[in-house]
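Numbered according to full-length UniProt numbering, the sequence shown spans residues 1 to 303. From the three backbone atoms N, C-alpha and C, an ideal C-beta is built for every residue, glycine too. Source: prediction; values computed, not measured. Structure first, then comments.
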Amino acid sequence: MENKELKEQINTLKKEKDAVILAHYYVDGEVQKIADYVGDSFYLSKAATKLEQKNIIFCGVKFMGESAKLLNPAKTVVMADDFADCPMAHMVTVEKIAEVRAQYEDLAVVCYVNSTAEIKSVSDVCVTSSNALRVVEKLPQKNIFFVPDENLGRYVAEKLPQKHFIFNDGFCHVHKSITAENVIKAKEVYPDALVLTHPECTREVIALSDFIGSTSEIIDYATKTDCERFIICTEMGVFFELQEKNPNKHFYSVGHRQFCPNMKKVTLEKTKAALESLAPEVTLPDEIMEKAALPLQKMLELS
Ligand code: CIZ
Ligand code: SF4
């Protein structure tokens, strides 16, 4: 079926089903075009608290759909693709958190939103890549166990020397695959380009960068900055919005591996099917629903 026809059907179904579509910047550009809200995970969490529609179709990975559900328990949240999951979200365990809690009295477990609802349920506060500094800075605790991403944790720790951080060894395989060598080569080819990087990247890549931020912050920075060329160190989905907002600027990747296979599972066809059937729905056990919503709400209050 032609994309145009599919998009028309999606728009009709949205009205018929009283549904709204949320999409992350890493999904395919064609999917971003039909979404009502597109953004980074912080923007999407905030947007999720202000929706009028009864049904939310989530075009992203599982932890994002779960967060939308946690912030909207009365609404139906449907994943466009139920198999789109983020491996990093599973890279810490409840047992590991309990172990670290037992070692420190004055401890906050700070949980990057890229984590399962179960992990959120045993955490004190959530953060995203765009608010982590703001949120952690405001915590009264001295000791911070940052889960699951080590790179984001180390980036935040460097900016907040007054805190003592304990790290977990989780990582994003997409951002980890961007190497300092890749960036150095790209800078040789485009010496006048600025390097814009997501904090899930390694310390070595961050050290070579001109700006560090979440997907939305990278897009804002490129749009506002008076430079024509940018080397982008994050998942390639952001190129769609970067190019939409800046048709005369040039954006370069650093290699062919800036591709999140899970985000790319989401297609227009699957989004249409999710709207038609309002399934698969995100459901969570009652206990997790109650406990995991608290750190997310705390994040929204502190940021
Ligand atoms: O999945 C990621 O890497 C996210 C959530 C990026 C972002 O900045 O929103
Ligand atoms: Fe997870 Fe990395 Fe994909 Fe983001 S880009 S969803 S952190 S695997």
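In the structure shown, what three-state DSSP assignment does residue i receive?
i	result
Y25	coil
H256	coil
E281	strand
F171	coil
I232	strand
Y43	helix
M79	strand
T225	coil
T197	strand
V38	strand
I178	coil
V122	coil
D149	strand
V205	helix
Y155	helix
N11	helix
L107	strand
A74	coil
residue 307	The requested residue 307 is not part of the displayed model; the chain covers only 1 to 303.
A84	coil
V127	strand
V189	helix
V20	strand
N262	coil
N3	helix
Determine, using beta carbons only, whether residue i and residue j come nearer to each other than 8 Å.
i	j	result
C111	V147	yes
V266	V27	yes
T12	L278	no
S129	E200	yes
M91	P280	no
D124	A98	no
A180	E204	yes
I219	Y252	no
S115	F63	yes
residue 314	I10	Residue 314 lies beyond the stretch modelled for the chain, which goes from 1 to 303, so this question has no answer here.
A89	A68	no
V195	L208	yes
L268	L6	yes
V174	E118	no
R101	L302	no
D192	R229	yes
N55	M299	no
Cα-Cα, which of the options is closest to residue i?
i	options	result
L275	E5, E2, I21	I21
L51	D85, E66, L71	L71
residue 306	D18, N168, K264	With the chain represented from 1 up to 303, any question about residue 306 goes unanswered, as that position is not in the structure.
P87	A108, V109, K176	K176
G237	Q258, I178, Q297	Q258
F211	D169, F145, C233	C233
C172	D85, D106, P161, K249	D85
K15	A48, F63, D36	D36
G170	V254, K96, I10	K96
N151	F167, K46, K69	F167
K163	A48, V136, T93, A186	V136
D104	K54, I144, E118, T93	The identity of residue 104 in the sequence shown is Tyr, whereas the question assumes Asp. Of K54, I144, E118, T93, the residue nearest in Cα terms is I144.
P295	A23, N182, V127, Q53	V127
F165	D106, V38, D192	D106
G255	V183, L160, A132	V183
Q53	V38, S41, D18, A23	D18
G153	T202, Q297, A186	T202
C260	K4, H24, E8	H24
D81	Q297, V282, L300, K185	V282
N3	K270, P73, Q297	K270
H198	V38, A186, I178	I178
L284	K187, A74, Q297	A74
If we define contact as Cβ-Cβ less than 8 Å, is residue i a contact residue for chain E?
i	result
E287	Although the question refers to chain E, the structure presented lacks it and comprises just one protein chain.
Return yes when the C-beta of residue i is under 7 Å from any heavy atom of the ligand SAM, and no when it is not.
i	result
P87	In terms of ligand content, the structure shown lacks the ligand SAM and carries the ligand CIZ and the ligand SF4 instead.
Do the stretch 27–44 and the stretch 56–66 meet, that is, are 3 or more Cβ pairs less than 8 Å apart?
yes
The stretch 234–244 / the stretch 205–218 touching (three or more Cβ pairs under 8 Å):
yes
Using only Cβ atoms and a threshold of 5 Å, which residues come within that distance of a heavy atom of the ligand CIZ? Order them by chain position.
D40, S41, S129, S214, T215
If we count Cβ pairs, one from each stretch, closer than 8 Å, do we get three or more for the stretch 221–228 versus the stretch 288–298?
no
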